[in-house]
Each structure stands twice: as C-alpha cells, then as structure tokens.
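Trainee: Under the numbering used here, the sequence shown has 238 at position 238, and the numbering climbs by one with no breaks.
Below is one structure. I have some questions about it.
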Amino acid sequence: MFNYIDTHCHLDGQEFAEDRDAVVQRAREAGCMRIFLPAIDVATCQTVLDVCRQYPDYCLPMLGLHPEEVRADWREQLAAIKSLLAPRTSNLEPRTSPLAPRIIAIGEVGLDYYWSREFEQEQLEAFEEQVRWSAETQLPLMIHCRKAQNELVAILKKYAQDLPGGVFHCFTGNDQEAAEFLQFDRFVLGIGGVLTFKKSHLPEVLPRVVPLDRIVIETDAPYMAPVPMRGQRNEPAYTRYVLTKLAESYGVGEEEICRHTNENVKKVFGIQI
Ligand SMILES: [Zn+2]
Numbered sequence: 001m002f003n004y005i006d007t008h009c010h011l012d013g014q015e016f017a018e019d020r021d022a023v024v025q026r027a028r029e030a031g032c033m034r035i036f037l038p039a040i041d042v043a044t045c046q047t048v049l050d051v052c053r054q055y056p057d058y059c060l061p062m063l064g065l066h067p068e069e070v071r072a073d074w075r076e077q078l079a080a081i082k083s084l085l086a087p088r089t090s091n092l093e094p095r096t097s098p099l100a101p102r103i104i105a106i107g108e109v110g111l112d113y114y115w116s117r118e119f120e121q122e123q124l125e126a127f128e129e130q131v132r133w134s135a136e137t138q139l140p141l142m143i144h145c146r147k148a149q150n151e152l153v154a155i156l157k158k159y160a161q162d163l164p165g166g167v168f169h170c171f172t173g174n175d176q177e178a179a180e181f182l183q184f185d186r187f188v189l190g191i192g193g194v195l196t197f198k199k200s201h202l203p204e205v206l207p208r209v210v211p212l213d214r215i216v217i218e219t220d221a222p223y224m225a226p227v228p229m230r231g232q233r234n235e236p237a238y239t240r241y242v243l244t245k246l247a248e249s250y251g252v253g254e255e256e257i258c259r260h261t262n263e264n265v266k267k268v269f270g271i272q273i
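Here you go:
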C-alpha cells in the first residue's frame, strides 16, 4: 500500500464531470492521501473551490492565472483572483464558513512560450505580480514553465529572499535545468507520468542531480497519464506507476519515495497530513 499526495490535479475539469466520486474513491483506495487542485483562470478558481468544498480536507485549492490564459484582460483577471485569495489566506483570520477551504498555494502560474509569444510581455507582468502575492501572503508557488526558463528564473531571483518556496510542476528538463531550478532552495520539482515515457531522460537525470528531498509527486490529470495508461485520461490512482519508476531510478524502495515526497509536501506547503 502506497501513501502519497497528488500535488497537481485538474480534478475540477469537465473530463471528470461524470465520475468524479469514483475517481476520488479509487484515489483513496490507491493510497492517495490528498489531492491539490490548481486553477488556471477566474472561472476555474470557482470550479476548483467547488470541488474542494465537496471533498473537504481531501481536495485542497490553489488559485492563480495560468500563463496560457494570460490575454489582454489579464489585469482584470488578476484583480478578480486576488479578491478570492484575500479573505482566505490568513491563518489568523477565522474561516468565513466551514465550507470555505483554505487556499494552500498560488497556482498555477508561470511562463509558457511553447505555442505563442503573442502575450509575452503580459505573461511576464502577470507572473511577476503573482510572485509578489506569494511573497506577501507567504503561500507557495505552483509554477508552470515551458520554453521560458531563463525569463522565469530571472523574475524569481528578484524575489528569492522573500519567497516561501514552491513547486516547478511537470519537470521534464535536463541536468542543467534541474540544477538551475534547485538553486532556489525552498523549491522542489514536480514529477509525474513523463518519467515513465519511453524517451524520457528523467530516469537518469533525476538520481544524478536531484536529491530525494527535492521532489514531489503529481499527476497533472487528466493529462500526462503514465505508461501503461499513456494516452488515456489520467487520474490520481495511476500514480503507482510513477512511484514504481521513481523507486527503480533511485534504487530505493517505493516506501522510501513516498516518505521523502510526503515530507517534502509538508515542508513546501506547510500543511499537516
Ligand atoms: Zn496543470
């Protein structure tokens, strides 16, 4: 029996509308102890909060504006998201209602120039603004980065001293890229299904440059299903394939992978499991 935490799962997505209860049930049975849900825009902030209300203390929300959702109206989007964050972030304030879940991170946020650089400048500004939120609220960052690592690292460096930490989600890079991210010492890499893909270099890269106290587990479901489920809708219960492959890569037992990654989640997110 595994015990793990899915630190990045779009469980609020339409893909799960028909059978979300069953997906959560299978996750629990597979040993998934918590599921963290990232928002990508104002509308998904609401759907994420709705799903987290349905599974209190099991599904935990993260709010932010995803780089691929940054367009001309990004300032209005950020204003709306900030108003959702404000009353819920402080541990000192009582929850407004037992059904208002505490937000555990800012995310997912970052830079993505894979498809387009149309809103490059807006992406930079929106990301930097949300990095400042992290410093102000001391909520960790759930970071999405594609084809933009230099620009992203440059922004983080400006605030590094004041940031509580975070996750570079869906890490797929090489030795040098891993090392560059790990220079931010309160940050970890999010590892998911890509590790199991046939052409992935991660089984060699990770044990070479990434200590076990610097990774967390994620599905990025419904995307990134691991082999042998590749191409299907992903879900938290499939994480055992990732755990097995990680254990193999590091040459340790699966329990040790679970123990380390759970500790890392507690450290980065400051939550009790
Ligand atoms: Zn995501």
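For glycine and all other residues, C-beta sits at the position ideal for the given N, C-alpha and C.
#1: Going by C-alpha to C-alpha distance, which of His201, Lys198, Arg186 and Pro38 sits closest to Ile215?
#2: Report buried or exposed for Ser134, applying the criterion of at least 16 other Cβ atoms within 10 angstroms of its Cβ.
#3: Taking the CB atoms as reference points, tell me whether Gly173 and Phe184 lie closer together than 9 Å.
#4: Could you check which residue in Ile103, Val42, Glu256 and Leu141 has the C-alpha nearest to that of Ala80?
#5: If contacts are defined as beta-carbon pairs under 8 Å, then Phe269 and Ile104 qualify, I think. What distance do you get, rounded to the angstrom?
#6: Quick check: is any heavy atom of ligand 1 less than 8 Å from the C-beta of His8?
#7: If we ignore side chains and look at the alpha-carbon of each, how far apart do Asp162 and Thr137 end up?
#8: Please name the residue or residues paired with Ala105 in a DSSP beta bridge.
#9: How about His201: is its Cβ closer than 8 Å to a heavy atom in ligand 1?
#10: Exposed or buried, Asn150, counting other C-beta atoms within 10 Å across all chains shown (16 or more means buried)?
#11: Over what stretch of residues does the beta strand (DSSP E) that includes His260 continue unbroken?
#12: Can His260 be considered in contact with ligand 1, in the sense that its beta carbon sits closer than 8 Å to one or more heavy atoms?
Mentor: Taking the definition as stated:
#1: On the sequence shown, residue 215 is found 215 positions in, with the first residue counted as 1. When only C-alpha atoms are compared, the closest one is Arg186.
#2: Translated into positions along the sequence shown, residue 134 becomes position 134. Buried, by the Cβ-count rule.
#3: Translated into the one-based positions of the sequence shown, residue 173 becomes position 173. Translated into the one-based positions of the sequence shown, residue 184 becomes position 184. Cβ distance not < 9 Å, so Gly173 and Phe184 don't count as in contact.
#4: Reading the sequence shown from its first residue, position 80 is the one you call residue 80. The shortest C-alpha separation from Ala80 is found at Val42.
#5: Taking the first residue of the sequence shown as 1, we reach residue 269 at position 269. Taking the first residue of the sequence shown as 1, we reach residue 104 at position 104. Confirmed, about 5 Å.
#6: One-based indexing of the sequence shown puts residue 8 at position 8. Checking every heavy atom of ligand 1 against the Cβ of His8, one is found closer than 8 Å.
#7: The count along the sequence shown starts at 1 and reaches residue 162 at position 162. The count along the sequence shown starts at 1 and reaches residue 137 at position 137. Using only the alpha carbons, I get a separation of about 10 Å.
#8: Looking up residue 105 in the sequence shown gives position 105. Beta-bridge pairing links Ala105 to Met62.
#9: In the sequence shown, the residue the question calls residue 201 occupies position 201. No, the Cβ of His201 stays beyond 8 Å of every heavy atom of ligand 1.
#10: Position 150 of the sequence shown, counted from the start, is the residue given in the question as residue 150. Per the 10 Å Cβ criterion, exposed.
#11: As a first step, residue 260 must be located in the sequence shown, where it is residue number 260. Per DSSP, His260 belongs to no beta strand (DSSP E); it is in the alpha helix (DSSP H), Glu254 to Phe269.
#12: Taking the first residue of the sequence shown as position 1, residue 260 is located at position 260. No.
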